[in-house]
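A short worksheet on the structure shown next.
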Amino acid sequence: MNRQLLTLATLVLASSSFAVYVSPTSPDGAGLDVQSQLIKLGIGSSLSEDQVDARLFLRSASGPMRIETLFGYAGYYDNHKVGFYSAGTPDTINWVAGGKNTGLNDTGDINFNGIYGLALQSPDGTFRSETARNADGFNHVAVLRERDKFGRLIQNSYILCWEDLRNGGDKDYNDRAFRLTNAQAVPEPATMAVLGLGAFGMIRRKRAKK
């Protein structure tokens, strides 16, 4: 049964591939696009291969989860706030990092034991990692698994690249990018439902054979 469940999980995950369109160039200037900035920082993540549909997260191990700003090119950059919210109360955001005009540091810790989402605030609005929570219905963040410069996966570490304007602005997702560590992505509810139904069906068939 475990082998069957593993196969089912593999099929579901393979069929739920996800990618936000991130412009390969940026009107901010040559070399300021996301992929060029990642390469410059020695980060081996690829926009074409490492994007994941991660909207909610959990703590991976003991200790805080950390947000570390990597780069950003936006007129509102110094006014950005970055925070988190409990999945059950998305209107209550705890701001933990931000630009120099906010009084927050560009690195901040998340000390929270439940499932949470992330948020970016700019003078143009507050945008959450869950697309359905955004008033404009736009996906404001591209999430990548982090790899080192040799292409090796770094466990429990993600790069989140944001758009800070309603309706996506220029869609180059370089307005603010930060690293989230000690975190694990929470599977989308649809994926969990399919896995749950599959497991339930297998259990019923196994009992019927007895």
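Mapping the sequence shown onto our numbering, position 151 (from 1) lands on 328, and the numbers just tick up by one.
Virtual Cβ for every residue (Gly too), placed ideally from N, Cα, C.
* From the DSSP output, read off the bridge partner residues of T358. => Its beta-bridge partners are R243 and S334.
* Asked: Which class does Y254 belong to by DSSP, given the choice of helix, strand or coil?
  -> Y254 falls in the helix class under three-state DSSP.
* **6 Å CB neighbourhood of G345 in its chain, flanking five on each side removed** => Excluding sequence neighbours, G345 sits near F315.
* Pick out whichever of D325, G275, Y262 and Q212 has its Cα sitting closest to the Cα of Y198. => The shortest C-alpha to C-alpha distance from Y198 to any of D325, G275, Y262 and Q212 is the one to Q212.
* Beta-carbon proximity list for S306, same chain, < 6 Å, skipping 5 on both sides -> Excluding residues within five positions, the ones whose Cβ falls inside 6 Å are R232, G294, L295 and V318.
* What is the DSSP secondary structure of L218, reduced to helix, strand or coil? -> Assigned with DSSP and collapsed to three states, L218 falls in coil, not helix or strand.
* N-terminal and C-terminal residue of the beta strand (DSSP E) that E323 is part of -> First-last of the beta strand (DSSP E) with E323: V318 to R324.
* Asked: Rounded to a whole number of angstroms, what is the C-alpha to C-alpha distance between D313 and R343?
  -> Between D313 and R343, the C-alpha separation is close to 6 Å.
* Could you tell me which residues DSSP puts in a beta bridge with T452? => The requested residue 452 does not occur in the structure, where the chain is confined to residues 178 to 387.
* **Sub-7 Å separation of A428 and V259 beta-carbons** => Because the chain here runs from 178 to 387, residue 428 falls outside it and cannot be looked at.
* Asked: Among F234, L224, D268 and G276, which one has its Cα closest to the Cα of P201?
  -> Answer by Cα proximity: L224.
* On the premise that L209 lies in contact with Y250, defined as a C-beta separation below 8 Å, what is that separation, rounded to the nearest angstrom? -> Right, their Cβ atoms sit about 5 Å apart.
* Going by C-alpha distance, which of R329, E226, A309 and F248 is nearest T284? -> Closest in C-alpha terms to T284, from the list R329, E226, A309 and F248, comes F248.
* Asked: Which residues in the same chain have their Cβ closer than 7 Å to the Cβ of A196, if we skip the five residues on either side of it in sequence?
  -> Contacts found: Q228.
* Express the C-alpha separation of E226 and S334 in angstroms, rounding to a whole number. => Using only the alpha carbons, I get a separation of about 16 Å.
* Exposed or buried, which one is G276 when buried takes at least 16 other CB atoms within 10 Å? -> When all chains shown are included, G276 counts as buried.
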